[in-house]
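In my numbering, the protein residues as written are 521 to 1014. Quick reminder that beta carbons are idealized off the backbone N, C-alpha and C, glycines included. Every value quoted in this text rests on a predicted model; they were computed, and no experiment measured them. So the structure is just underneath, and the comments pick up after that.
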């Protein structure tokens, strides 16, 4: 468990979550207004990691968690609103955890480990006991408690301890926080799954994966290796281990853990979203796609570009061999498809088709743009409308933005060798943010509604999100200015 869930922090990481901030200044950009709010001023020996930011919504107010580290003392502090938590010095630490309503973290000071949730201390433990892996879902929280001396583990859920167990494989919270499950082993090759309801599955030889599925009732899916699981004989000298897919409906099927001549195949490719689950499976050495207990195929290669919708049985994928786009595996929606994108509402679909040395074509619902664009490398739908924007790569390696309202912006000279440029749209295509690494300088550039933001002393930290405050929506992003002051910026969207 310890090796599975720990990760090594280099020196510092910085995260953001919503909390109270103090307004400092504002500047106009086009027809919007940018508010700049100071988060923290670094001291002489403190640093901020620029690639570890994330934004979210917390009590409908814009805010943050920032973790700073003293590079000489090897300690870190958590800055949340007007409070500072720390210093802490655990060498092996975990990321702060947060969802749309809560935040928390686990860290240590010497031999003492502390668990915090929404500013309150949930637990204080002395070695040989220490907590790891805080998980939060709505109003439910859980973490594991390891006892090094006894060699046992407990799971703490909303303050109640369960166990001890010889080995905790993992534990899971449903997205709504109403259900939880624990996968554990009583001894080698004797594994179980126990639910918050008391229901128990097993014993199994191995539990490879588990996920809750949304919807009415206790819906879930797990990939296991049964104790009496037989292998599949491929030849006189080759046998392949099998695994079984089990859901709330019972055993779905048994499939191969490997595919001959396809060493890159990973049988644990389970995707779960909303009311759906799916994964590529191999049966009789042929590829199939298993979606919501139903088998589709066979296919010569594993399907790709799987898009799972929230609504039951609303998922799509591309048959890699034929390049046919399948809707819920039942029918071919379009042929010769290279890429496709689905809007958040799932009312619109955009299909991209390459034509060799000729220009790309784009289908968006009933509109057809035949041979109009240079190589299309990305498309983005606006979250609150069916409007869209695409990024195309020009012959000189520059990129151009094309919008559904027929506007174009660019060219932009982005470094496409290390990372793709990123665009985010507001409620419609009227407002947009575009950031990329400039090819010549290697610096991160940010454009807001086609106007460059920043300057020599302003370093865009590379995270852009849409947040809400007072029933208004904003583009929000971090900057590090004068090499020492961290700001959170927001641009109102109308």
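Asked, Found
"Does the beta-carbon distance from residue 789 to residue 805 come in below 9 Å?", "no"
"For a quick check, are the C-beta atoms of residue 951 and residue 968 less than 9 Å apart?", "yes"
"Decide if the region 605-612 is in contact with the region 629-649; the criterion is three or more beta carbon pairs, one per stretch, under 8 Å apart.", "yes"
"Quick one, which of 792, 853 and 824 has its alpha-carbon nearest residue 785's?", "824"
"Determine the direct distance from the alpha carbon of residue 841 to that of residue 858, and round the result to whole angstroms.", "11 Å"
"Strictly by DSSP, which residues pair up with residue 709?", "Looking at the DSSP assignment, residue 709 forms no beta bridge with any residue, so it has no partner."
"Starting from residue 629, trace the beta strand (DSSP E) both ways and give me its first and last residue.", "623-629"
"Of the choices 590, 737 and 870, whose alpha-carbon is the least far from that of residue 565?", "590"
"With three or more C-beta pairs closer than 8 Å as the rule, is the region 933-942 touching the region 883-894?", "no"
"Expressed to the nearest angstrom, what Euclidean distance is found between the alpha-carbon atoms of residue 907 and residue 919?", "20 Å"
"Output needed for residue 904: all residues of its chain with C-beta closer than 6 Å, excluding positions within five of it in sequence on either side, in chain order.", "947"
"What does DSSP give as the partner residues of residue 636 in its beta bridges?", "625 and 641"
"So is residue 515 buried or exposed if we call it buried at 16+ other beta carbons inside 10 Å?", "With the chain represented from 521 up to 1014, any question about residue 515 goes unanswered, as that position is not in the structure."
"Per DSSP, which residues does residue 560 bridge with? Please list them.", "1006"
"What is the rounded straight-line gap between the Cα of residue 721 and the Cα of residue 737?", "17 Å"
"Among 991, 971 and 1003, which residue has its Cα nearest to the Cα of residue 554?", "971"
"Going by the DSSP bridge assignment, what does residue 741 pair with across the sheet?", "731 and 767"
"At which residues does the beta strand (DSSP E) containing residue 821 begin and terminate?", "First-last for residue 821: undefined, no H or E at that position."
"Reducing DSSP to helix, strand and coil, say where residue 937 ends up.", "coil"
"Looking only at C-alpha atoms, which of 730, 765, 796 and 740 sits nearest to residue 746?", "765"
"Can you give the Cα-Cα distance for residue 988 and residue 652, rounded to whole angstroms?", "32 Å"
"Buried or exposed for residue 995, please, with buried defined as at least 16 other CB atoms from any protein chain shown within 10 angstroms of its CB.", "buried"
"Quick one: give me the first and last residue of the beta strand (DSSP E) that residue 872 is part of.", "869-875"
"Please report the residue range of the beta strand (DSSP E) in which residue 719 lies.", "Per DSSP, residue 719 belongs to no beta strand (DSSP E) and is neither H nor E."
"Answer with yes or no whether the minimum CB distance from residue 948 to chain B is below 9 Å.", "Checking the listed chains, one finds no chain B in this structure; it contains a single protein chain."
"Counting along the chain, where does the beta strand (DSSP E) carrying residue 677 start and finish?", "672-677"
"Just to confirm the assignment, what range does the beta strand (DSSP E) spanning residue 881 have?", "878-884"
"Can you look up residue 550 in the DSSP assignment and give me helix, strand or coil?", "With a pLDDT of only 43 at residue 550, under the threshold of 50, the placement of this residue in the model should not be trusted; the figure read from the coordinates follows. In the structure shown, residue 550 sits in coil (DSSP, three-state: anything other than H, G, I, E or B)."
"Tell me where the beta strand (DSSP E) around residue 894 begins and ends.", "Residue 894 -> no beta strand (DSSP E), and no H or E assigned at all."
"Tell me whether the region 769-779 and the region 669-689 touch, counting them as touching only if at least three CB pairs, one residue from each stretch, are closer than 8 Å.", "no"
"Just how far apart, CA to CA, sit residue 639 and residue 617?", "13 Å"
"What does DSSP give as the partner residues of residue 608 in its beta bridges?", "596"
"Just to confirm before moving on: does the CB-CB distance between residue 751 and residue 762 stay below 9 Å?", "yes"
"Three-state secondary structure (DSSP) at residue 915?", "coil"
"How would you label residue 680, buried or exposed, when you count the other beta carbons within 10 angstroms and need 16 or more for buried?", "exposed"
"Excluding the five sequence neighbours on either side, which residues of its own chain have a C-beta within less than 6 Å of the C-beta of residue 716, listed in chain order?", "699 and 700"
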